[in-house]
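A.B. asks: Here the protein sequences line up with chains A and B, keeping their order. So the first sequence is numbered by UniProt numbering: it starts at 1 and just counts up by one. So the second sequence is numbered by UniProt numbering: it starts at 1 and just counts up by one. Backbone N, C-alpha and C fix where the C-beta goes; we use that ideal spot for every residue, glycine too.
There are 2 protein chains.
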Amino acid sequence: MKAVLITIGDEILSGNTVDTNSNFIAAELKKIGIPVVQIFTISDEISAIKNTLKSAFEIGDVIITTGGLGPTKDDKTKIAFKEFFNDELVLDAETFEHLRKLFEKRNRTHLLELNKPQAEVLSKAEIFQNEHGTAPCQMIQENGKTVFSLPGVPFEVKPLIKEKIIPFLAEKFGLNHIVTHTVSVVGIPESLLSEQIESWELALPKEISLSYLPVGNRIKLRLTTHGKNQQELDEKILIEIEKLKPLIGENVISWDGDDIVEILKEILTEKNLTISTAESFTGGELSKLLTSISGSSTYFLGGIVAYDYQKKIEILGVSAKTIQIKTVVSAEVAQEMSAGAQKLFKTQIALSTTGVAGPNSDEFNTEVGTAFYSIRVNDFEKTSRIYLPHFERNDFAKFVSQRVLQDLVEVLIKEKY
Amino acid sequence: MKAVLITIGDEILSGNTVDTNSNFIAAELKKIGIPVVQIFTISDEISAIKNTLKSAFEIGDVIITTGGLGPTKDDKTKIAFKEFFNDELVLDAETFEHLRKLFEKRNRTHLLELNKPQAEVLSKAEIFQNEHGTAPCQMIQENGKTVFSLPGVPFEVKPLIKEKIIPFLAEKFGLNHIVTHTVSVVGIPESLLSEQIESWELALPKEISLSYLPVGNRIKLRLTTHGKNQQELDEKILIEIEKLKPLIGENVISWDGDDIVEILKEILTEKNLTISTAESFTGGELSKLLTSISGSSTYFLGGIVAYDYQKKIEILGVSAKTIQIKTVVSAEVAQEMSAGAQKLFKTQIALSTTGVAGPNSDEFNTEVGTAFYSIRVNDFEKTSRIYLPHFERNDFAKFVSQRVLQDLVEVLIKEKY
């Protein structure tokens, strides 16, 4: 059972929009054991859509298209489907009723007539109603293939996938489980790591696959396998992970966690620690990262973005003299910022960042791409400098924020908090 | 001249990583007049890579692959290229020298031998050195096609594209300009907008294309054309935009700005206004959005993420009584938060957010997906409620943050600040 995704829309091809739908759909399909083997991103043109459907039929069993179903003239997916399946469009009473209710709820019944074509569907199609938009999801089953056509707006796609399509597919096909475990390694370059575990890697059972995934200074080793019995699959992988302990045990910060934020959550919750942030150039990225997961409110109490240097003095209590002597992008200012946050938010842990993300330098002519960050856990403090002149502004903030959390995990493990 | 991108890697297909390279490359190619007509996202398998290269040769003139070039065993692009181009791998002295310097700079010369295979390139290839990683970019020109093979790590890809490949392509092909103008419309649904400008749309010159792009409650109308003379192209589009003024003038918040953050920057800079934020469930997303562009430090002074409700009281001066009576997710708390930020950061404008992003409710049992936000400009204040129960946690924070900035732009325009 293999899936193919087709993303339709010039918005993605022109570089205006990042395609997040494919990522979401692939992750959801994976959970029910259907791997995505290819993603096509194509133009909103009838011929391109038809050609790609043809290619997708050759490689996949489940085909999911997103995009090209809005009420305006630049959306052509429905026509392409009609021609490809040699079908006709008919007004679907149930979909029209669904539309009517949607417009009533939004107090926009005057727009119903205008949106009537949205209720026209392929005569062969089975319909999954879209609770959050006007274009329904249509499904066609032909020659053993199952094809879904979805709208493109992510907040319509996600509930359709999660609440309707995934349950339908899981029910229809008695599916395999895919089991994944991730070992997170730090302090060792990829090439050396690969050498150190070479014999282990070569001896892995054929049904377990391994990937190396570098994220910042961390390398994730991901082991994946699939089959009918989840417990057996888990055990099979854990046996192999056990063998890694003597080889690279010292460098492992997590034996089974993928996201650094999740790894940190486990540690903070277990140790009952609270945390706060004081950010400058990361502009809120660090606090956003910490709060990106559910349950973070039990340990993350708050953060401050002291973007203007006066605010560092006024709110965080950084000394004006330190800024004058050391400049605002310095180890000393990072230290005073984390101390200020620890005091302001009354947390055990406080993190701070100060740097120049560019493209322009600051009032002190600091070199673009320079940053300092400070990690404070009770009385312990560690400051680090990072210099990455080739990063773009937002990538730099993201990279440093990830790095800060990774370093914090290392500190919490090594310093035994 | 058309481009095709090939993204190689199981990380994207499995839904673990969002592909941001394609977006970046497409946007850069567009600037020099090379449209991306298709993106293939494929597995890290030799046969898949070879088959896709074949398809790409049929539709594109410039083909760019990313991924699959690391030093570890799961990277297979180089072998696929070797077989596809019927070529052989040879050690490139210049690339090896580049590697040597890179490892010296990083104090890791002991790893040089291990990484030697990275200096093996196709004998037919021209090499663009990778300043930020070990795998070089290889270029092959064959049958009138130009094919580039790049590594997959975004911070290696971006400089290679921007500093080496784009200048090379712009030099090699005397290229067309692509000119785009974006009109931002609010307060009118897509279907009605489409009706109101129907006659205008139908009368557009054939060489100008139009797209509708909904972002939150804003619809962007994007007009695109291409040709040799940039000034002529600009004028041609501006004539058409002028005709929109009597049709939808009242609903337009920007006649030529794409990103709401950029639109806001223009207004704040022109009016010499400063801004601060007080966030709860958005967790820093709002301040991150404001600081995502260069130059934001002239008007954004700072923000606070008062995640814990005690911090709203202690740092922002929200009244404990208001929280007790109205709960923390209420119009009143939003108002007191923005007032608090205005005072704390001494800014003319202050924005606040409070809500429940889910998946779990808060200590007051507020319904998941409920949020209030407050916009304060000097003495003016506007509070709004938003209820979007079907959004995922991080999408909700993003959506609301975009909405807050959009509303602020509307306020600044309508209230004539």
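Answer yes or no: does any C-beta atom of chain A fall closer than 8 angstroms to that of I127/B?
C.D. replies: No, its Cβ sits nowhere closer than 8 angstroms to a Cβ of chain A.
A.B. asks: By the criterion of Cβ-Cβ separation under 9 angstroms, what are the contact partners of P359/A in chain B?
C.D. replies: S294, listed in chain order.
A.B. asks: Distance, Cα to Cα, M139/B vs E126/B?
C.D. replies: Those two C-alpha atoms are separated by around 5 angstroms.
A.B. asks: Apart from the five residues on each side of it in sequence, which residues of its chain come closer than 7 angstroms, Cβ to Cβ, to E58/B?
C.D. replies: Excluding sequence neighbours, E58/B sits near nothing in its chain.
A.B. asks: Quick one: complete alpha helix (DSSP H) runs, 4+ long, within the segment 364-388 of chain B?
C.D. replies: The segment 364-388 of chain B contains no whole alpha helix (DSSP H) run of 4 or more residues.
A.B. asks: Across the segment 321-333 of chain B and the segment 308-328 of chain A, are there enough close Cβ pairs to call them in contact, namely three or more that are closer than 8 angstroms?
C.D. replies: In short, these stretches do not touch, since the Cβ pair count stays below three.
A.B. asks: For A334/B, return the contacting residues in chain A, with the cut-off set at a CB-CB distance below 8 angstroms.
C.D. replies: Those do not exist, as A334/B stays about 16 angstroms from chain A at its closest Cβ, beyond 8 angstroms.
A.B. asks: Using DSSP with H/G/I as helix, E/B as strand and the rest coil, what is A125/A?
C.D. replies: Coil.
A.B. asks: Mapping DSSP to helix, strand and coil, what is V186/A?
C.D. replies: Looking at V186/A - three-state DSSP - the assignment turns out to be strand.
A.B. asks: For P214/B, write down the residues that DSSP places opposite it in a beta bridge.
C.D. replies: Note: P214/B sits in a beta bridge opposite I219/B.
A.B. asks: Under 8 angstroms by Cβ, that's how I've got I275/A and I349/A pegged, so tell me the actual separation to the nearest angstrom.
C.D. replies: The Cβ separation is near 4 angstroms, so the contact holds.
A.B. asks: Closer than 8 angstroms, CB to CB, is G187/B near chain A or not?
C.D. replies: For G187/B, the answer is no, since every Cβ of chain A falls outside 8 angstroms of its Cβ.
A.B. asks: With DSSP as the reference, identify every bridge partner of S254/A, one or two as the case may be.
C.D. replies: According to DSSP, S254/A bridges with S184/A.
A.B. asks: So, is the C-beta of E11/B closer than 8 angstroms to a C-beta in chain A?
C.D. replies: By this cut-off, E11/B is an interface position.
A.B. asks: Can you determine whether any heavy atom of the ligand MG sits closer than 7 angstroms to the C-beta of L112/B, and answer yes or no?
C.D. replies: The ligand MG is not part of this structure, which contains no ligands at all.
A.B. asks: Counting contacts by CB-CB distance shorter than 8 angstroms, is R403/B in contact with chain A?
C.D. replies: By this cut-off, R403/B is not an interface position.
A.B. asks: May I have the straight-line CA-CA distance separating V318/A from S330/A, to the nearest angstrom?
C.D. replies: In a straight line, the C-alpha of V318/A is about 12 angstroms away from that of S330/A.
A.B. asks: Kindly list, in the order they appear in chain A, the residues whose Cβ is closer than 7 angstroms to that of R393/B.
C.D. replies: Those within 7 angstroms of R393/B in chain A are S294.
A.B. asks: For the alpha helix (DSSP H) that V157/B lies in, which residues bound it at each end?
C.D. replies: Where V157/B is concerned, the enclosing alpha helix (DSSP H) stretches over 154-159.
A.B. asks: Just to make sure I have the definition right: I need the residues of chain A whose C-beta is within less than 7 angstroms of the C-beta of I42/B. Which are they?
C.D. replies: Those within 7 angstroms of I42/B in chain A are Q38.
A.B. asks: So that I know if they touch, is there some Cβ in chain B lying closer than 8 angstroms to that of N23/A?
C.D. replies: For N23/A, the answer is yes, since a Cβ of chain B falls inside 8 angstroms of its Cβ.
A.B. asks: Using a Cβ distance threshold of 8 angstroms, determine whether the segment 271-291 of chain A contacts the segment 274-294 of chain B, with at least three qualifying pairs required.
C.D. replies: Judged by Cβ distances under 8 angstroms, the segment 271-291 of chain A makes contact with the segment 274-294 of chain B, as three or more pairs qualify.
A.B. asks: Tell me whether the beta-carbon of L233/A lies closer than 8 angstroms to the beta-carbon of R222/A.
C.D. replies: Contact flag unset, no.
A.B. asks: What's the C-alpha gap between L388/A and T52/A?
C.D. replies: Distance between the alpha carbons of L388/A and T52/A: 41 angstroms.
A.B. asks: Hey, quick one: how far does the alpha helix (DSSP H) through K54/B stretch, first residue to last?
C.D. replies: Taken as a continuous stretch (DSSP letters only), the alpha helix (DSSP H) holding K54/B covers 46-59.
A.B. asks: Please list the partners that E285/B has in chain A, where partner means a Cβ-to-Cβ separation under 8 angstroms.
C.D. replies: Within 8 angstroms Cβ-Cβ: G284, K288.
A.B. asks: Taking the straight line between their C-alpha atoms, what separation do you get for K346/A and D19/A?
C.D. replies: Between K346/A and D19/A, the C-alpha separation is close to 40 angstroms.
A.B. asks: Measuring alpha carbon to alpha carbon, tell me which of I25/B, T354/B, S149/B ends up nearest Y307/B.
C.D. replies: The shortest Cα separation from Y307/B among I25/B, T354/B, S149/B belongs to T354/B.
A.B. asks: What is the DSSP secondary structure of L273/A, counted as helix, strand or coil?
C.D. replies: Reduced to three states, the DSSP call for L273/A is coil.
A.B. asks: If contact means a Cβ-Cβ distance below 8 angstroms, which residues of the segment 149-160 of chain B contact chain A?
C.D. replies: Correct list: V153, P154, F155, K158, P159.
A.B. asks: Any idea which residues DSSP pairs I178/B with across the strands?
C.D. replies: In the DSSP output, where bridge partners are listed per residue, I178/B has H226/B.
A.B. asks: Could you tell me the alpha carbon to alpha carbon distance between D10/A and I237/A, rounded to whole angstroms?
C.D. replies: Going by the C-alpha atoms only, they are around 42 angstroms apart.
A.B. asks: Compute the Euclidean distance between the alpha carbons of D379/A and V368/A, then round it to the nearest angstrom.
C.D. replies: In a straight line, the C-alpha of D379/A is about 31 angstroms away from that of V368/A.
A.B. asks: Does V37/B come out as helix, strand or coil in the three-state DSSP assignment?
C.D. replies: V37/B: strand per DSSP, three-state reduction.
A.B. asks: Check whether the Cβ atoms of K265/A and I293/A lie closer than 8 angstroms to each other.
C.D. replies: For K265/A and I293/A, yes; Cβs fall inside 8 angstroms.
A.B. asks: Would you say residue 418/B faces chain A, with C-beta separation under 8 angstroms as the test?
C.D. replies: No information on residue 418/B is available, as it lies outside the stretch 1 to 417 that chain B covers here.
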